[in-house]
Amino acid sequence: MFIFILNSIPQEIIISFFLGYILTPKRNLLNDEPFAGFLYNLKLATFFLPFVTIINYVYPLLKET
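FYI, in our numbering the residues of the sequence shown are 74 to 138.
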């Protein structure tokens, strides 16, 4: 079931959230606001999404030529 859910989510979104999670400063997770780290991760993920999408679609085209 978990694999089915992951397969239904576009790959770019998963990679963007993973990059956002890696680059999230861990001190934000210890704030009084429980979702501070998640919101920062969401901001980073939306920043990385266009770049990951472009790389995901352009790199295979460059690899073929």
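Even for Gly, the Cβ is constructed at its ideal location relative to N, Cα and C. What you are looking at is a predicted structure, and each value in this text was computed from that prediction instead of being measured.
Here Ser89 is buried: its Cβ has 16 or more other Cβ atoms, across all protein chains shown, within 10 Å.
A distance below 9 Å separates the beta carbons of Gly93 and Phe120. Excluding residues up to 5 positions away in sequence, Ala118, Leu122 lie with their Cβ nearer than 8 Å to the Cβ of Ile86 in the same chain. For the pair Gln84 and Asn114, the CB atoms are not nearer than the 9 Å cut-off.
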